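Okay, so here's the structure we're looking at.
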Amino acid sequence: MHRLGSGIAGGRLAPAEYEQNFSDLHPRFDKHEALVASDRCYFCHDAPCMTACPTEIDIPLFIRQISTANPLGAARTIFSQNILGGMCARVCPTETLCEQACVRNTAEDRPVDIGRLQRYATDIAMEQGRQFFHRGAATGKTIAIVGAGPAGLACAHRLAMHGHTAVIFDAREKAGGLNEYGIATYKAPDDFAQKEVDYLLAIGGIDIRNGQALGRDFSLQDLAADYDAVFLGIGLAGVNGLGIEGEELAGVDDAVDFIAYLRQADNKADVPIGRRVVVLGGGMTAVDAAVQAKLLGAEEVTICYRRGKEHMNASEFEQDLAASKGVTIRHWLAPKRIVGKDGAVAGIELEYTALRDGHLVGTGETGVIAADQIFKAIGQSFKASGLGALAMEKGRIVVDDHCRTSMERVYAGGDCVSRGEDLTVSAVAHGRDAAEAIHSAFAVAGQPAVAVA
Amino acid sequence: MADLRNNFVGIKSPNPFWLASAPPTDKAYNVERAFKAGWGGVVWKTLGSEGPPVVNVNGPRYGAIWGADRRLLGLNNIELITDRPLQVNLQEMKQVKMNWPDRALIASIMVPCVEEEWKAILPLVEETGADGIELNFGCPHGMSERGMGSAVGQVPEYIEMVVRWCKQYTRMPVITKLTPNITDIRNPARAAKRGGTDAVSLINTINSITSVDLDNFAPVPSVDGKGSHGGYCGPAVKPIALNMVSEIARDPETYGLPISGIGGVTTWRDAAEFLVLGAGNVQVCTAAMTYGFKIVQEMISGLSDWMDEKGHRSLSDITGRAVPNVTDWKYLNLNYVAKAHIDQDACIKCGRCHIACEDTSHQAITSMVNGVRHFEVMEDECVGCNLCVNVCPVENCITMVGLEPGTLDQRTGKVVEPTYANWTTHPNNPMAQVAAE
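The following block contains the structure:
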């Protein structure tokens with residue numbers, strides 16, 4: 007296959023190009039770069055960056071620790087709030103979180119490089135295998151966790167710190183959840199997600215059982231009966247469909263499947279890609295799919311989003327990244343019909359859209375974009391069975407501020423809950439806080455009755 | 064164009080920027096390069112007695128402290144005086160002076176505290192055509208252990224004695240270089256004046272250990288595991304030097320004694336500060352050792368441009384202009400009241416002013432107003448200390464605003480007096496001088 011061959015095919019690029027395209031997006035700071043970057047932090051009082059972080063990492067403190075040549079101390083500060091701080095440093099949309107809140111934006115339109123500094127410190131600690139936390143004295147309590155994604159892993163680690171045992175059930179072959187299957191390859195190269203899982207598991211007391219699916223191999227009811235508590239971190243396993251003509255044609259794929267397949271492919275040249283690719287959607291998944299399609303050698307990649315630029319869930323940074331890789335982003339276009347030829351995709355007909363009285367409507371005008379592959383990235387949905395009568399709201403599990411569900415001793419967090427935010431870092435915060443809530447509940451239940459004189 | 068020509072105790076140079084006696088002025092090669100780059104003069108690295116020259120350590124001679132981007136802030140050295148034979152230095156000095164007749168060439172000298180030694184070397188130096196001599200009474204390491212350098216500079220009687228010998232045995236102008244490693248800089252300056260010196264130059268370097276290697280528990284610079292205190296210089300020492308220069312400039316006993324200002328001069332602004340505090344010119348070393356000789360071009364253009372902008376035509380228009388404003392604490396106006404003011408448009412809301420004031424000072428800056436992050440000075444608590452101004456990362460965001468006489472100071476509940484009143488007459492001062500009835 008060569009670069010401009012039609013249809014969907016692998017091997018469009020030379021081996022060296024694949025290597026280059028899927029290497030680290032942001033190479034790690036070296037020591038001097040980290041010192042210079044850390045010097046820009048003002049060590050703000052009641053720092054806005056810290057408030058903006060869902061896991062409330064003490065950012066000014068860890069940056070100051072880096073500036074005093076104490077990266078391990080910095081890593082301890084980070085991990086004490088967020089044990090997946092290494093992945094968060096790579097995938098957090100910092101430009102809409104900590105770095106957006108940085109006062110340097112007001113001063114000079116350029117925040118402190120918080121994300122890259124976090125990566126600098128966490129990489130050093132993880133490469134040295136430095137563990138900062140130890141398993142607490144055994145309590146005899148065992149908690150079942152469903153889903154080995156960021157929420158479940160964070161929950162398990164915090165439970166282990168308190169001396170509890172965690173058993174994690176995950177339907178996939180590898181642990182990590184979206185960190186392993188849902189992140190663009192160039193954001194976490196060198197098998198970082200698995201290295202992070204290993205680092206986290208080193209605390210002990212965490213047992214991961216892969217290939218175990220909720221609703222197929224066990225039910226929530228079973229877990230509630232067998233364990234002292236249950237945490238659900240099951241994410242959003244479903245994918246939204248288009249519901250239009252031609253969706254079943256060969257070459258119409260889910261973006262999340264493409265991203266996962268690419269991540270798992272040992273040789274990126276084996277991953278087939280179209281010459282002309284259209285990605286439908288406006289979020290991070292759409293950008294990840296589009297950029298990687300381009301990196302695999304697609305000649306033309308177009309993101310079509312049915313609303314305006316200002317409505318896109320993908321951050322400004324992600325949009326700019328896509329543009330810099332040669333992806334075209336088109337707005338106000340909704341898919342109307344997928345055009346097929348000989349059972350395969352040949353193009354997509356789209357309708358122009360507009361906002362009228364706050365409602366999105368089609369204008370009636372249409373156009374066709376030639377394509378031999380179409381990725382759907384129009385959102386994930388809650389999909390699970392075996393949950394019994396667990397209370398739901400708008401297709402998500404209802405939880406309170408302590409991650410408690412409607413069922414006694416059952417907690418939930420991450421993307422699957424009603425206050426989920428589609429962010430790794432929020433999932434980590436939920437998992438951690440749920441573990442604390444579970445631990446507190448044990449403590450309260452275990453208190454001896456006190457006689458009142 | 065401002066006239067930067069300098070006449071310092073009769074020694075003329077095209078500008079007031081001299082290279083101080085130090086490694087950059089040890090050889091004709093370096094000095095030639097310095098003059099080509101535009102330096103107005105050099106003080107040749109210190110000459111010792113005839114005979115076998117001193118030896119230097121062959122390991123590290125410098126230690127430093129840095130800012131985060133390794134900007135050099137302070138440098139320390141343990142190098143001794145020139146380790147080249149006296150005759151070689153004298154020949155080179157003579158040739159360089161012939162090549163550059165319009166530049167100042169001063170010989171720094173350090174020989175033992177014996178009259179015959181000084182009597183012997185002075186004619187040799189004079190023969191080179193040097194414009195003057197500088198007596199090195201400042202070097203704080205190595206030579207001081209042998210009764211020279213700062214060992215002399217720390218004993219006013221020795222200073223006076225040696226200066227007197229020099230004035231007796233040479234026609235050349237004598238500049239006495241002072242050590243800052245003393246308690247009151249006015250005493251050695253007064254002694255130099257009593258001995259008849261034409262000028263003083265200061266400061267020499269400050270006794271220092273820049274850092275400690277925490278793996279080997281050895282001070283830096285470490286020579287085979289051991290370290291010795293060295294002489295500290297560079298931007299970090301400028302405030303100490305400025306104070307010492309001003310102390311001599313305003314001392315009635317040394318008032319009018321020409322001063323060559325030394326200590327951390329890195330930019331034209333540093334130089335201007337020395338000049339207005341009473342220095343007739345400045346000497347530079349660390350800035351040149353950090354950036355090379357070209358740095359003098361910034362100093363020359365910066366000083367000239369500033370003088371043009373302010374309408375100062377020559378160096379005499381600015382020399383000593385700030386001296387009358389240096390006074391003792393007891394004469395500061397206690398009726399002057401200032402309050403910090405935060406420019407809300409410039410504020411970036413880092414909160415450092417608040418936490419500095421809240422934790423360490425007077426609890427006079429808000430952090431939250433009506434549930435919103437907001438930093439504002441509470442005038443009824445502000446004592447006008449200026450700490451917030453200094454910790455604020457945004458220039459001119461916080462400024463000190465003086466209260467007009469007649470307005471109410473909300474902190475004290477008193478009206479600001481229009482008159483000047485200081486501690487000498489304050490009722491709380493048991494030593495207050497009460498005017499006679």
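Going down the list, the sequences are from chains A and B. Under the working numbering, residue 459 is the last one in the first sequence; the count climbs by one each step, no gaps. Under the working numbering, residue 500 is the last one in the second sequence; the count climbs by one each step, no gaps. Built from N, CA and C at the ideal position, the CB exists for glycine as well. Nothing here was measured: the structure is a model prediction, and the numbers come from that model.
If contacts are defined as beta-carbon pairs under 8 Å, then residue i and residue j qualify, I think. What distance do you get, rounded to the angstrom?
| i | j | result |
| --- | --- | --- |
| E101/A | S321/A | 5 Å |
| T353/B | L136/B | The Cβ separation is near 10 Å, so there is no contact. |
| G341/B | K301/B | In fact, because the Cβ distance is near 15 Å, the residues do not count as touching under 8 Å. |
| R336/A | E305/A | Contact flag wrong, Cβ pair sits at about 17 Å. |
| L255/A | G392/A | No, L255/A and G392/A are not in contact; Cβ-Cβ is about 33 Å, not under 8 Å. |
| T57/A | A435/A | Actually they are not in contact, since the Cβ atoms of T57/A and A435/A sit about 13 Å apart, beyond 8 Å. |
| L168/B | G104/B | 7 Å |
| I461/B | H404/B | 7 Å |
Where does the unbroken beta strand (DSSP E) through residue i begin, and where does it stop?
| i | result |
| --- | --- |
| R343/A | L339 to K347 |
| N70/B | N69 to F71 |
| P156/A | Element bounds for P156/A: not the beta strand (DSSP E) but the alpha helix (DSSP H), P156 to M167. |
| L138/B | L135 to N140 |
| T100/A | Premise fails: T100/A is in no beta strand (DSSP E) and is neither H nor E. |
| L82/B | F80 to L82 |
| L10/A | Element bounds for L10/A: n/a, residue is neither H nor E. |
| G365/B | Looking at the DSSP string, G365/B is not in any beta strand (DSSP E); the run it does join, the alpha helix (DSSP H), is I358 to K373. |
| H408/A | No beta strand (DSSP E) contains H408/A, which DSSP labels as neither H nor E. |
| W107/B | G104 to L110 |
| T369/A | H365 to A376 |
| D204/A | D204/A -> not in any beta strand (DSSP E); alpha helix (DSSP H) instead, spanning F198 to L207. |
| S76/B | I74 to S76 |
| L361/A | A350 to R362 |
Around the Cβ of residue i, are there at least 16 other Cβ atoms within 10 angstroms (buried) or fewer (exposed)?
| i | result |
| --- | --- |
| L103/A | buried |
| A451/A | exposed |
| V359/B | buried |
| S508/B | As displayed, chain B neither begins before 64 nor continues past 500, which places residue 508/B out of reach and without an answer. |
| S446/A | exposed |
| E390/B | Checking the sequence shown, residue 390/B turns out to be Thr, not Glu. Exposed is the call here. |
| L471/B | exposed |
| H375/B | buried |
| E324/A | buried |
| R110/A | buried |
| S12/A | exposed |
| W338/A | buried |
| A295/A | buried |
| E197/B | buried |
| P164/B | exposed |
| M370/B | buried |
| K400/A | exposed |
| Q496/B | exposed |
| E208/B | exposed |
Return the first residue and the last residue of the alpha helix (DSSP H) that residue i is part of.
| i | result |
| --- | --- |
| E178/B | E178 to E189 |
| P56/A | Position check: residue 56/A holds Met in this sequence, whereas Pro was assumed. Per DSSP, M56/A belongs to the alpha helix (DSSP H) from P54 to A58. |
| A190/A | Segment: none, A190/A is in no alpha helix (DSSP H) and carries neither H nor E. |
| S424/B | Note, S424/B: premise wrong, no alpha helix (DSSP H); not H, not E. |
| R257/B | R249 to G258 |
| E316/A | No alpha helix (DSSP H) holds E316/A; DSSP gives it neither H nor E. |
| A397/A | Counting along the chain, A397/A falls outside any alpha helix (DSSP H), and DSSP gives it neither H nor E. |
| R172/A | Per the sequence shown, the amino acid found at residue 172/A is Ala instead of Arg. Note, A172/A: premise wrong, no alpha helix (DSSP H); beta strand (DSSP E) at T171 to D176. |
| Y126/A | I120 to E133 |
| A22/A | P21 to N27 |
| R124/B | Looking at the DSSP string, R124/B is not in any alpha helix (DSSP H), and its letter there is neither H nor E. |
> Should the region 167-174 of chain A be called in touch with the region 210-222 of chain A, which here means at least 3 C-beta pairs below 8 Å?
Replying inline: yes
> Are there three or more Cβ pairs, one per stretch, closer than 8 Å when the region 226-241 of chain B is compared with the region 253-273 of chain B?
Replying inline: yes
> Can at least three beta-carbon pairs, one atom from the region 70-89 of chain A and one from the region 124-143 of chain A, be found at a separation below 8 Å?
Replying inline: yes
> Between the region 248-266 of chain A and the region 335-347 of chain A, do three or more beta carbon pairs fall short of 8 Å?
Replying inline: yes
> What are the uninterrupted segments assigned as alpha helix (DSSP H) that are 4 or more residues long and contained completely in the region 252-324 of chain A, given in chain order?
Replying inline: 261-270 and 290-301
> Between the region 89-96 of chain B and the region 152-165 of chain B, do three or more beta carbon pairs fall short of 8 Å?
Replying inline: yes
> Does the region 45-63 of chain A come close enough to the region 307-327 of chain A to have 3 or more Cβ pairs within less than 8 Å?
Replying inline: no
> For the 8 Å Cβ check, are there 3 or more pairs between the region 65-81 of chain B and the region 118-129 of chain B?
Replying inline: no
> Which ranges does the beta strand (DSSP E) cover as unbroken runs of at least 3 residues, wholly within the region 405-477 of chain B, from first to last along the chain?
Replying inline: 461-465
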